[in-house]
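A.B. asks: Same order as they appear, the protein sequences are chains A and B. Just so you know, the first sequence maps onto residues 1 to 322 in full-length UniProt numbering. Just so you know, the second sequence maps onto residues 1 to 368 in full-length UniProt numbering. Backbone N, C-alpha and C define an ideal beta-carbon position, used for all residues, glycine too. Quick caveat: nothing in here was measured; it's all calculated off a predicted structure.
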Amino acid sequence: MFETFILLLDSTVRLSTPLLLACLAGLYSERAGIVDIGLEGKMLGAAFGAGAVGYLSGNAWVGLMAGIGVSVGLALIHGFASITNRGNQIVSGVAINFLAAGLTALLGQSWFNQGGRTPTLSQGGRFQNIELPFAEALRDVPVIGPIYSELLSGHNILVYAAFAAVPLTWWVLFRTRFGLRLRAVGENPAAVDTAGISVVWLRYRAVIVCGMLCGLAGSYLSIAQSAGFIVNMTAGKGFIALAALIFAKWRPGYAMFACLLFGFLDALAIRLQGQELPGIGEIPVQFFQALPYILTVILLAGFIGKAVPPKAAGVPYLKERT
Amino acid sequence: MSTGQLPRWVDLGLIPLINLVAAFFVSGLVVILIGESPVEAVQVLIWGSLGFGEGIGFTLFYATNFIFTGLAVAVAFHAGLFNIGGEGQAYIGGLGVAAACLLLDHIVPWWVTMPFAVAGAALMGAAWAFIPGYLQATRGSHVVITTIMFNFIAASLMVYLLVNVIGEAGSMQPETRTFVEGGRLPFLTDIIPGVDFGTAPVNFSLILALLACIGVWLLIWRTRLGYEIRSYGANPDAAVYAGINPVRTIVITMMISGGLAGMMAINEVMGSQHRLLIEFVTGYGFVGIAVALMGRAHPVGIVLAAILFGMLYQGGAELSFEIPAITRDMIVVIQGLVILFAGALEYMFRPTLVRLFASRRAPAAAAG
Chain A
1 MFETFILLLD
11 STVRLSTPLL
21 LACLAGLYSE
31 RAGIVDIGLE
41 GKMLGAAFGA
51 GAVGYLSGNA
61 WVGLMAGIGV
71 SVGLALIHGF
81 ASITNRGNQI
91 VSGVAINFLA
101 AGLTALLGQS
111 WFNQGGRTPT
121 LSQGGRFQNI
131 ELPFAEALRD
141 VPVIGPIYSE
151 LLSGHNILVY
161 AAFAAVPLTW
171 WVLFRTRFGL
181 RLRAVGENPA
191 AVDTAGISVV
201 WLRYRAVIVC
211 GMLCGLAGSY
221 LSIAQSAGFI
231 VNMTAGKGFI
241 ALAALIFAKW
251 RPGYAMFACL
261 LFGFLDALAI
271 RLQGQELPGI
281 GEIPVQFFQA
291 LPYILTVILL
301 AGFIGKAVPP
311 KAAGVPYLKE
321 RT
Chain B
1 MSTGQLPRWV
11 DLGLIPLINL
21 VAAFFVSGLV
31 VILIGESPVE
41 AVQVLIWGSL
51 GFGEGIGFTL
61 FYATNFIFTG
71 LAVAVAFHAG
81 LFNIGGEGQA
91 YIGGLGVAAA
101 CLLLDHIVPW
111 WVTMPFAVAG
121 AALMGAAWAF
131 IPGYLQATRG
141 SHVVITTIMF
151 NFIAASLMVY
161 LLVNVIGEAG
171 SMQPETRTFV
181 EGGRLPFLTD
191 IIPGVDFGTA
201 PVNFSLILAL
211 LACIGVWLLI
221 WRTRLGYEIR
231 SYGANPDAAV
241 YAGINPVRTI
251 VITMMISGGL
261 AGMMAINEVM
271 GSQHRLLIEF
281 VTGYGFVGIA
291 VALMGRAHPV
301 GIVLAAILFG
311 MLYQGGAELS
321 FEIPAITRDM
331 IVVIQGLVIL
341 FAGALEYMFR
351 PTLVRLFASR
361 RAPAAAAG
């Protein structure tokens with residue numbers, strides 16, 4: 001029983017990682033007042049970039065750089081549309097999702113001729129799992145052993161990076177000058193402007209950080225969790241991350257718990273597939289798939305606390321009337 | 001950026017045209033990137049969509065879907081609401097169509113089933129849009145986010161229903177039984193004499209779609225409710241001050257929008273597939289956003305934009321057949337670019353045009 005539970009938590013960690021990275025990405029963007037429903041597209045673009053370059057170079061780090069590059073490129077398009085041109089941020093996000101879905105499949109087919117997939121990566125093209133020190137030695141110690149050697153050890157570097165990014169994000173947002181300004185620009189850009197700080201540049205920086213984190217999230221899918229890119233491999237994870245962001249009320253610590261919760265639901269659904277539960281019967285897998293969205297809607301409706309977005313989120317900043 | 005700086009024809013005609021040209025220009029670059037000729041691609045695309053009867057038929061068939069989803073997005077636009085839940089609303093709308101067809105197809109001819117199917121589709125779509133609308137109106141939950149969530153909930157729900165509840169027993173496919181004659185809309189090629197659309201499934205739904213266009217035009221510009229919708233969209237505070245009930249306006253607008261999206265299911269389920277199956281919406285709901293943006297939320301514009309996207313869909317299919325390197329994903333790329341240029345980057349070329357027209361007008365103003 002305990003063993004099973006540890007394995008369940010272990011897969012929770014693996015499934016939460018891309019959500020967490022994308023969720024933190026959205027956090028930076030939305031805290032700066034740029035609504036981003038293009039997380040999905042940026043992840044997909046990054047997954048493709050990382051998968052393609054990881055295969056060609058045979059080096060996971062080079063692949064990761066490519067993934068981040070693609071994602072930041074898409075983020076800059078979003079920034080150009082919503083910051084420089086003051087366009088509709090939702091529309092721009094939808095466009096990014098379309099572009100990424102189309103281009104990855106089109107270019108994947110054109111370059112590799114495997115129905116949009118990238119060829120399977122070599123060992124060097126993937127991030128390998130890291131064994132923490134003493135993981136083998138401690139394996140047989142009761143309780144602590146499995147927790148340490150199964151749950152905490154044996155993940156790839158991006159998993160650890162994702163969880164390290166949580167306190168880091170908190171520190172950046174709440175303990176640095178950049179973070180203070182970033183939050184201010186999402187609440188009251190006019191005040192930031194009056195203080196002589198460039199709203200445009202600040203928001204661009206937020207969007208670029210968002211792109212980098214989405215790049216990590218997408219690369220994780222194609223060169224860490226799997227060994228290559230497959231068409232539409234994000235499969236809605238960007239939207240779950242968006243739901244988690246709202247569920248977390250735009251806070252880094254809560255974001256981690258929201259992503260772990262949604263990851264746990266996913267892991268549980270895989271675990272319980274086709275199994276009868278005593279007294280309840282078989283729970284359809286679709287129920288677990290829909291649950292993150294249902295929970296988010298309930299939260300948005302204000303039944304579990306209140307989710308208040310940054311005040312200026314989605315509103316283009318206009319310095320003066322022309 | 002205020003209106004009135006540019007002549008109307010520039011605002012309504014020239015700017016959308018420039019945006020469209022920009023989108024197609026970038027699409028051409030993508031075609032060059034994968035090593036094919038954009039000129040040849042355009043030729044195949046136009047011939048494939050307009051060059052022969054069957055091609056035109058398929059173009060109109062896809063356009064029917066886009067008219068419904070485009071109108072859905074447009075109606076919500078007028079109230080300042082962004083309904084990106086067309087995908088889910090159309091999917092759930094399929095339940096209403098299937099219910100009418102499954103119950104009636106053995107008993108009555110198609111023209112008796114049709115009104116029930118239309119009502120079923122509209123009701124189910126409206127019901128699926130009701131909750132996001134109600135939550136927006138009363139709890140302030142942003143309708144964009146809730147409709148996205150409802151798209152995913154709809155997808156899960158429909159798979160569950162089709163696999164476990166309404167799917168045909170004994171069939172491995174998650175779909176209902178095939179409707180007989182009484183649950184099938186006639187193909188236009190069979191009812192309009194002298195027209196040959198070949199095997200294209202363009203059907204009576206096209207006429208329903210055009211009627212819906214007229215209905216939406218009447219609603220938005222010729223009724224009291226339409227006036228309230230537009231007032232609320234233009235300035236919610238002023239509208240409330242003028243005595244317009246915001247909750248009622250938001251909820252009704254969302255339900256009309258959802259109902260229109262739901263009616264898309266008639267074309268697919270009753271008009272073409274003749275059964276309810278999973279994922280029959282496949283992005284038509286999202287394309288509605290592009291159609292509404294390009295059509296400037298006006299029914300005439302929406303019909304034109306829907307035909308353009310219908311051409312892209314049908315021509316794109318032909319394109320992937322003739323030039324295999326350009327897969328159907330190219331259409332998704334073009335859609336993305338159209339949404340980007342016609343929607344998000346709508347104002348990109350505007351300052352240049354304003355300067356251009358201001359310099360032309362300035363001497364006249366000085367003289368006058």
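Is the beta carbon of M264 of chain B sitting closer than 9 angstroms to the one on F130 of chain B?
C.D. replies: To locate residue 264 of chain B, count along the second sequence from 1; it is residue 264. To locate residue 130 of chain B, count along the second sequence from 1; it is residue 130. Against a cut-off of 9 angstroms, the Cβ pair of F130 of chain B and M264 of chain B comes out as no contact.
A.B. asks: Please tell me whether M149 of chain B and S205 of chain B are closer than 9 angstroms, where the distance is taken between their beta carbons.
C.D. replies: If you number the second sequence from 1, residue 149 of chain B lands on position 149. If you number the second sequence from 1, residue 205 of chain B lands on position 205. Not a contact, by the Cβ cut-off of 9 angstroms.
A.B. asks: With 9 angstroms set as the bound, which would you pick, yes or no: does the beta-carbon of residue 340 of chain A sit closer than that to a beta-carbon of chain B?
C.D. replies: There is no way to answer for residue 340 of chain A, as the model of chain A reaches only from 1 to 322.
A.B. asks: Using a Cβ-Cβ cut-off of 9 angstroms, state whether Q114 of chain A counts as contacting chain B.
C.D. replies: Residue numbering aside, residue 114 of chain A sits at position 114 when the first sequence is read from its first letter. Q114 of chain A does not count as touching chain B.
A.B. asks: Name the chain B residues that come within less than 8 angstroms of A105 of chain A, Cβ to Cβ?
C.D. replies: Numbered from its first residue, the first sequence carries residue 105 of chain A at position 105. Result: T327, D329 and V332.
A.B. asks: Measure the C-alpha to C-alpha separation of V251 of chain B and T296 of chain A and round it to an integer number of angstroms.
C.D. replies: The residue given as residue 251 of chain B occupies position 251 in the second sequence. The residue given as residue 296 of chain A occupies position 296 in the first sequence. A direct Cα-to-Cα measurement between V251 of chain B and T296 of chain A gives close to 20 angstroms.
A.B. asks: Using a Cβ-Cβ cut-off of 8 angstroms (strictly less than) and excluding sequence neighbours within five positions of G73 of chain A, which residues of its own chain qualify?
C.D. replies: Translated into positions along the first sequence, residue 73 of chain A becomes position 73. Cβ neighbours of G73 of chain A beyond the five flanking positions: G45 and G211.
A.B. asks: Do three or more CB pairs link the segment 161–169 of chain B to the segment 117–125 of chain B at distances below 8 angstroms?
C.D. replies: no
A.B. asks: Count the other CB atoms, across all protein chains shown, that sit within 10 Å of the CB of K311 of chain A; report buried if there are 16 or more and exposed otherwise.
C.D. replies: Within the first sequence, numbered from 1, the residue matching residue 311 of chain A stands at position 311. By the 10 Å Cβ count, K311 of chain A comes out exposed.
A.B. asks: Leaving aside the five residues before and after A367 of chain B along the sequence, list all residues of the same chain whose C-beta is less than 8 angstroms from its C-beta, in chain order.
C.D. replies: Taking the second sequence and counting its residues from 1, the one referred to as residue 367 of chain B is at position 367. Note that A367 of chain B scores 49 on pLDDT, short of 50, meaning its location in the model is unreliable and no value can be drawn from it.
A.B. asks: Rounded to a whole number of angstroms, what is the C-alpha to C-alpha distance between D193 of chain A and V199 of chain A?
C.D. replies: Your numbering for residue 193 of chain A matches position 193 in the first sequence. Your numbering for residue 199 of chain A matches position 199 in the first sequence. Each residue's Cα considered, the two are about 6 angstroms apart.
A.B. asks: Nearest-angstrom Cα distance between S49 of chain B and F321 of chain B?
C.D. replies: Looking up residue 49 of chain B in the second sequence gives position 49. Looking up residue 321 of chain B in the second sequence gives position 321. Cα-Cα distance, rounded: 13 angstroms.
A.B. asks: Name the residues in the segment 274–307 of chain A whose C-beta lies less than 7 angstroms from a C-beta of chain B; which are they?
C.D. replies: Closer than 7 angstroms at the C-beta level to chain B, one finds these residues of the segment 274–307 of chain A: P284, Q286, Q289, A290, Y293, I294, T296, V297, L300, A301 and G302.
A.B. asks: If you measure from the beta carbon of A358 of chain B to each beta carbon in chain A, is any gap under 9 angstroms?
C.D. replies: Here residue 358 of chain B corresponds to residue number 358 of the second sequence, with the count starting at 1. Chain A, which has no Cβ nearer than 9 angstroms to the Cβ of A358 of chain B, makes this no.
A.B. asks: Identify every residue that forms a DSSP beta bridge with I130 of chain A.
C.D. replies: Here residue 130 of chain A corresponds to residue number 130 of the first sequence, with the count starting at 1. Answer is A:H155, bridged to I130 of chain A.
A.B. asks: What's the C-alpha gap between F239 of chain A and G38 of chain A?
C.D. replies: Indexing the first sequence from 1 puts residue 239 of chain A at position 239. Indexing the first sequence from 1 puts residue 38 of chain A at position 38. In a straight line, the C-alpha of F239 of chain A is about 9 angstroms away from that of G38 of chain A.
A.B. asks: Within the chosen definition, does the segment 125–134 of chain A reach the segment 242–252 of chain A through at least 3 CB pairs nearer than 8 angstroms?
C.D. replies: no
A.B. asks: How would you write the range of the alpha helix (DSSP H) that P7 of chain B sits in, first residue to last?
C.D. replies: In the second sequence, the residue the question calls residue 7 of chain B occupies position 7. Where P7 of chain B is concerned, there is no enclosing alpha helix (DSSP H), given that its DSSP letter is neither H nor E.
A.B. asks: So with CB distances below 9 angstroms, who are the chain A contacts of G336 of chain B?
C.D. replies: On the second sequence, position 336 is the one that residue 336 of chain B refers to. Those are G41, V94, A95, I96, N97, F98, L99, A100, A101, G102 and L103, listed as they occur along chain A.
A.B. asks: For V354 of chain B, I'd like the list of residues in its chain whose CB is within less than 7 angstroms of its CB, leaving aside the five on either flank, ordered along the chain.
C.D. replies: Taking the second sequence and counting its residues from 1, the one referred to as residue 354 of chain B is at position 354. Cβ neighbours of V354 of chain B beyond the five flanking positions: Q5 and L6.
A.B. asks: My guess is that A90 of chain B and G295 of chain B are in contact by the Cβ rule of under 8 angstroms, so how many angstroms apart are they, rounded?
C.D. replies: Your numbering for residue 90 of chain B matches position 90 in the second sequence. Your numbering for residue 295 of chain B matches position 295 in the second sequence. 18 angstroms between Cβ atoms; not a contact.
A.B. asks: Under DSSP, the alpha helix (DSSP H) around H78 of chain A begins and ends at which residues?
C.D. replies: For the purposes of this step, residue 78 of chain A is taken as residue 78 along the first sequence, with counting starting at 1. From DSSP, the alpha helix (DSSP H) with H78 of chain A extends over A60 to G79.
A.B. asks: Assign F187 of chain B to one of three DSSP states: helix, strand, or coil.
C.D. replies: Here the question's residue 187 of chain B lines up with position 187 in the second sequence. Looking at F187 of chain B - three-state DSSP - the assignment turns out to be strand.
A.B. asks: Could you check the C-alpha separation between I92 of chain B and P292 of chain A for me, to the nearest Å?
C.D. replies: On the second sequence, position 92 is the one that residue 92 of chain B refers to. On the first sequence, position 292 is the one that residue 292 of chain A refers to. Approximately 19 angstroms between the Cα atoms of the pair.
A.B. asks: Tell me which same chain residues have a C-beta within less than 6 angstroms of the C-beta of V202 of chain B, skipping the five on either side of it?
C.D. replies: Sequence index remark: in the second sequence, residue 202 of chain B carries index 202 (1-based). Excluding residues within five positions, the ones whose Cβ falls inside 6 angstroms are G57, L60, F61 and L188.
A.B. asks: Please confirm if T253 of chain B has its CB atom under 9 angstroms from at least one CB of chain A.
C.D. replies: The residue given as residue 253 of chain B occupies position 253 in the second sequence. Output row for T253 of chain B: interface = no.
A.B. asks: Please decide whether M1 of chain B counts as near chain A, where near means a Cβ-Cβ distance under 9 angstroms.
C.D. replies: Counted from its first residue, the second sequence places residue 1 of chain B at position 1. With a pLDDT of only 44 at M1 of chain B, under the threshold of 50, the placement of this residue in the model should not be trusted; the figure read from the coordinates follows. Interface residue, yes.
A.B. asks: Does L276 of chain B come out as helix, strand or coil in the three-state DSSP assignment?
C.D. replies: As a first step, residue 276 of chain B is located in the second sequence; it is residue number 276 there, counting from the start. Coil at L276 of chain B, not helix or strand.
A.B. asks: To the nearest angstrom, report how far apart A290 of chain A and V10 of chain B are at their CA atoms.
C.D. replies: Position 290 of the first sequence holds residue 290 of chain A. Position 10 of the second sequence holds residue 10 of chain B. Distance between the alpha carbons of A290 of chain A and V10 of chain B: 46 angstroms.
A.B. asks: So, helix, strand or coil for G281 of chain A, using DSSP?
C.D. replies: By one-based count along the first sequence, residue 281 of chain A stands at place 281. In the structure shown, the three-state DSSP call for G281 of chain A is strand.
A.B. asks: Taking 9 angstroms as the threshold (C-beta atoms), are F52 of chain B and V291 of chain B in contact?
C.D. replies: As a working note, residue 291 of chain B is residue 291 in the second sequence. As a working note, residue 52 of chain B is residue 52 in the second sequence. Taking 9 angstroms as the Cβ cut-off, V291 of chain B and F52 of chain B do not qualify as a contacting pair.
A.B. asks: Look at F5 of chain A and Y160 of chain B and say whether their C-beta atoms are less than 9 angstroms apart.
C.D. replies: The residue given as residue 5 of chain A occupies position 5 in the first sequence. The residue given as residue 160 of chain B occupies position 160 in the second sequence. No. Outside cutoff.
A.B. asks: Run through DSSP, which three-state label would N65 of chain B get?
C.D. replies: Your numbering for residue 65 of chain B matches position 65 in the second sequence. It is helical.
A.B. asks: Touch check for the segment 215–230 of chain A and the segment 118–126 of chain A: three-plus C-beta pairs under 8 angstroms?
C.D. replies: yes
A.B. asks: Is there contact here, the segment 108–123 of chain A with the segment 45–64 of chain A, by at least three beta-carbon pairs under 8 angstroms?
C.D. replies: Short answer: they touch.
A.B. asks: Residues bridged to E87 of chain B by DSSP?
C.D. replies: Taking the second sequence and counting its residues from 1, one reaches residue 87 of chain B at position 87. Per DSSP, none; premise fails for E87 of chain B.
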